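Asker: Okay, handing you the structure first.
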Amino acid sequence: MTRQSCCLLLSSTWITVSVLFPVHYWLLLLFPTLSSAAPIQLYGLNYNTRQGPDWDWDKCKSYERIIQDLTMIQKMTNKIRLLSMTDCGQGEMVLTAANALNMQVYLGLWVGPDHTEKFSEELDELDVVLQKFDQYPNLVLGVTVGSEAIYRKDANVDELIVYMNQAYEVMQRHPSAQNKPVSIVDIAPEYVAQEKLRQAVNVTYTNTFPFWEATPIDQAAQELENDIDFLLSLSGANEKPFIFGETGWPDGGFIQGVGVASPANQAQYFADCYCLLIVEKGWDTFWFTGINNDWRQLQDPNNTVEGTFGILYSNLTLKEHFQELEFTCSDGVTYSFAEMDWTIPTLQTTAPSDTASCSVHSECLALELPGLCCPTTDGIVLNCCDDNPEPSNAKKNVNSPTVRTMMVMVALLALMIICL
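The numbering of the sequence shown is full-length UniProt numbering, which starts it at 1 and goes up by one.
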């Protein structure tokens with residue numbers, strides 16, 4: 001190849017590459033810090049330690065999996081919210097993991113249809129956990145009682161106020177919790193209708209989902225803002241802090257008479273709410289939810305949407321429509337998930353080296369699970385090793401160079417060397 005033909009080939013190749021990969025792409029490639037997008041950061045995310053329905057003997061995540069989950073969640077927020085202390089022993093397990101990762105937790109006391117028998121267990125566990133972690137004053141953000149128990153008609157306002165006062169009494173026994181808020185969580189219409197509820201709490205704490213009200217996606221965030229603005233104008237709520245306990249939109253499934261669940265709608269609702277409710281209004285919001293709850297469809301086969309509200313899939317991979325999401329709010333800032341490293345950390349196991357102690361668990365043997373069957377170090381749940389393959393890693397950064405791009409760069413470099 002002559003030098004002249006080589007240069008012509010190099011010039012034509014560079015023109016082609018310039019069209020396929022504009023200048024700003026190469027600038028980002030060579031100088032990634034020039035990206036104008038800011039990483040998306042949330043006030044908080046909802047979290048639970050379930051991985052199976054009520055009847056599943058392996059329904060609870062191990063401590064190691066909780067650490068893995070929270071490490072991914074920590075890319076978006078340093079705060080999480082729980083709904084129960086006793087379900088899967090999550091109060092103690094999550095606080096242990098959160099403390100190790102320097103995160104903060106809003107604890108929840110579950111109130112279900114069997115609350116007259118079960119709430120005392122939640123309260124006792126709160127007492128135990130606050131005692132154990134009393135030397136960490138910043139770990140617990142506060143305590144909530146119930147989650148839409150009035151709406152579900154599991155309990156009435158008077159019962160919940162009694163429970164809230166009992167929780168307050170427990171908190172006063174522990175210095176780290178004495179000045180932390182305690183509240184009742186329910187939907188905004190219940191707060192609007194019940195002045196007694198508004199007067200009783202020291203934080204107005206609501207779950208509100210335009211999706212369940214069949215609100216069109218283009219109107220959803222604005223309708224949500226209107227609902228909360230009206231609530232906060234009422235007596236008993238107009239001079240108190242406000243927290244969103246839950247809001248979100250699913251990306252899959254179908255139920256008649258509600259909103260349309262789709263990846264595009266989930267991404268739009270997130271972007272609209274982030275700009276309107278978080279950036280502009282400054283409302284503390286626990287997004288629902290961090291991770292898909294696939295087990296919910298096993299629990300309720302008729303509800304195909306409940307498990308798809310997560311930002312991450314259940315294997316901890318960032319959903320594709322969030323990988324591609326970029327939006328600009330009224331503050332002039334462009335926000336993106338692409339600014340974070342989404343590499344999934346390796347799941348650390350705690351199986352003992354003595355394999356003889358790993359073959360005695362009848363549940364694993366009965367199900368013919370492969371690998372070693374060992375108790376986790378916390379002693380709360382069973383860890384059947386090698387039952388499920390580790391989730392594949394998400395792309396380290398959705399803006400990072402692809403293999404194809406690197407091949408183009410190598411080819412260009414080789415061509416330049418030949419031409420010299």
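Note that beta-carbon positions come from the ideal geometry of N, C-alpha and C, so glycine has one too. Quick caveat: nothing in here was measured; it's all calculated off a predicted structure.
Select from Ser36, Pro53, Lys61 the residue whose C-alpha is nearest the C-alpha of Asn315.
Answerer: Nearest C-alpha to Asn315: Lys61.
Asker: Is it true that the CB of His174 sits closer than 8 angstroms to the CB of Ala264?
Answerer: Their beta carbons are not under 8 angstroms apart, which means Ala264 does not touch His174 by this criterion.
Asker: Could you please give the first and the last residue of the uninterrupted alpha helix (DSSP H) stretch that includes Leu139?
Answerer: That residue, Leu139, is in no alpha helix (DSSP H); it is neither H nor E in DSSP.
Asker: With DSSP run on the structure shown, which of helix, strand or coil describes Trp295?
Answerer: Looking at Trp295 - three-state DSSP - the assignment turns out to be helix.
Asker: Could you have a look at Ala193 and say whether DSSP puts it in helix, strand or coil?
Answerer: Here Ala193 sits in helix by DSSP.
Asker: Compare the C-alpha of Leu45 against each of Glu169, Val182, Phe244 and name the closest.
Answerer: Per the Cα distances, Phe244.
Asker: Using beta-carbon positions only, say whether Gln268 and Asp251 come within less than 8 angstroms of one another.
Answerer: No; because the gap between Cβ atoms is not below 8 angstroms, this pair is not in contact.
Asker: Could you have a look at Trp212 and say whether DSSP puts it in helix, strand or coil?
Answerer: Three-state DSSP puts Trp212 in a helix.
Asker: Which stretch, first to last residue, makes up the beta strand (DSSP E) that contains Tyr205?
Answerer: Start and end: 204 to 207.
Asker: Quick check: what's the CA-CA separation for Leu382 versus Val162?
Answerer: With a pLDDT of 45 at Leu382, under the threshold of 50, the modelled position of this residue cannot be trusted; read the value that follows with caution. Using only the alpha carbons, I get a separation of about 36 angstroms.
Asker: At a cut of 8 angstroms, does the segment 232 to 249 reach the segment 196 to 203 through at least three beta carbon pairs?
Answerer: Yes, they touch.
Asker: Pick from Asp56, Glu121, Pro189: whose alpha carbon is nearest that of Glu148?
Answerer: It is Pro189.
Asker: According to DSSP, simplified to helix, strand and coil, what is Arg65?
Answerer: Arg65: helix per DSSP, three-state reduction.
Asker: So is Gln90 buried or exposed if we call it buried at 16+ other beta carbons inside 10 Å?
Answerer: By the 10 Å Cβ count, Gln90 comes out buried.
Asker: My parser needs the beta strand (DSSP E) runs of 3 or more residues fully inside the segment 47 to 128; what are they?
Answerer: For the segment 47 to 128, whole beta strand (DSSP E) runs of length 3 or above, ordered along the chain, are 79 to 81, 104 to 109.
Asker: Starting from Ala221 and walking both ways along the alpha helix (DSSP H), at which residues does that stretch end?
Answerer: 217 to 232 is the extent of the alpha helix (DSSP H) around Ala221.
Asker: Beta carbon of Leu109, beta carbon of Phe119: below 8 angstroms?
Answerer: The answer is yes: Cβ separation under 8 angstroms.
Asker: Might you give, ordered along the chain, the residues of its own chain that have their beta carbon closer than 6 angstroms to the beta carbon of Val305, omitting 5 neighbours on each side?
Answerer: The answer, listed in chain order, is Pro250, Gly253, Ile255, Ala261.
Asker: Suppose the cutoff is 6 angstroms on Cβ atoms and the five residues either side in sequence are ignored; what does the same chain contact list for Ser176 look like?
Answerer: Once the five neighbours on either side are set aside, the close Cβ partners of Ser176 are Asp134, Pro137.
Asker: In its own chain, which residues sit with a C-beta less than 6 angstroms from the C-beta of Ala155, not counting the 5 before and 5 after it?
Answerer: Correct list, in chain order: Val111, His115, Ala149.
Asker: Short of 8 angstroms in beta carbon distance, which residues of its chain neighbour Lys59, apart from the five on each side in sequence? Order them along the chain.
Answerer: Contacts found: Arg50, Gln51, Gly52, Pro53, Cys88, Trp295.
Asker: In its own chain, which residues sit with a C-beta less than 8 angstroms from the C-beta of Leu232, not counting the 5 before and 5 after it?
Answerer: Only Thr204, Asn238, Phe242 meet the Cβ criterion.
Asker: Compute the Euclidean distance between the alpha carbons of Tyr335 and Val279, then round it to the nearest angstrom.
Answerer: Cα to Cα, Tyr335 sits roughly 11 angstroms from Val279.
Asker: Quick one: residues in its chain with C-beta nearer than 6 angstroms to the C-beta of Gln68, no 5 flanking neighbours on either side, listed in chain order?
Answerer: Hits under 6 angstroms: Pro345, Leu347.
Asker: Report the three-state DSSP secondary structure of Ile344 (helix, strand or coil).
Answerer: Ile344: coil per DSSP, three-state reduction.
Asker: Count the other CB atoms within 10 Å of the CB of Ala79; is the residue buried (16 or more) or exposed (fewer)?
Answerer: A small fix is needed here, since residue 79 is Lys in this sequence, not Ala. Per the 10 Å Cβ criterion, buried.
Asker: Give me whichever residues DSSP pairs with Gly252 in a beta bridge.
Answerer: Paired residue(s): none; Gly252 is not in a bridge.
Asker: To the nearest angstrom, report how far apart Thr285 and Lys196 are at their CA atoms.
Answerer: Approximately 24 angstroms, taken between the alpha carbons.
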